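Numbering (the numbering used here), first residue to last: 10 to 190.
Listed below in structure tokens is the structure:
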């Protein structure tokens, strides 16, 4: 009788461990691979990241979601939150008419030698998100960090909140860049 309960207890323990591991894999340690150059210099082709779907998106978080073009998971920076107005003037981001620094682009901007801005001027109205003047409820405006090469909300419009798969919080490859993001 004791052996029967011991075996049952072991099976229950194993099931609990398995369920916990699946929970971690699905919601906390979900791996993502960067494809393309749209997030350079922050992330490069084949960087490996972990994301969590348990975190609510905040401004300047890096989110993953299916591309409106082909459904493949892509990585972009959330710039516009619901209710925001956005514009870019002379390579300066304005959110709700307030200047915002983008320190993650400073090194990239400094390396430009052609005299052209990293980000061309835009407003919500003259982007693919137009004719909206503000980011609607339940939607986000995203930009790639490599603004000259990024396919982002300027070209495909807003991203629905329910389409956001997760928020990136850790890079685990390449090993020389490992760390919390």
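Backbone N, C-alpha and C define an ideal beta-carbon position, used for all residues, glycine too. No experiment lies behind these values; they were computed from the predicted model shown.
Item                                                                                                                                                                                      : Value
Would the region 116 to 124 count as touching the region 56 to 76 if we require 3 or more Cβ pairs under 8 Å?                                                                             : no
Considering only the beta carbon of each residue, do residue 87 and residue 151 sit closer than 9 Å?                                                                                      : yes
Could you name the residues of the same chain whose beta carbon sits closer than 8 Å to that of residue 186, not counting the 5 residues immediately before and after it, in chain order? : 56 and 180
Is it buried or exposed, residue 52, if we count other Cβ atoms within 10 angstroms and call 16 or more buried?                                                                           : buried
On a CA-only basis, which of 172, 156, 155 and 178 is nearest residue 80? Give me that one, please.                                                                                       : 172
Please confirm whether residue 90 and residue 112 have their CB atoms less than 9 Å apart.                                                                                                : no
In whole angstroms, what separates the C-alpha of residue 169 from that of residue 18?                                                                                                    : 44 Å
Can you tell me whether residue 29 is buried or exposed, with buried defined as 16 or more other CB within 10 angstroms of its CB?                                                        : exposed
The beta strand (DSSP E) that contains residue 162, what's its start and end?                                                                                                             : Unbroken run through residue 162 is the alpha helix (DSSP H), 162 to 165; no beta strand (DSSP E).
Pairs of beta-carbons, one from the region 35 to 42 and one from the region 150 to 165, closer than 8 Å: are there three or more?                                                         : no
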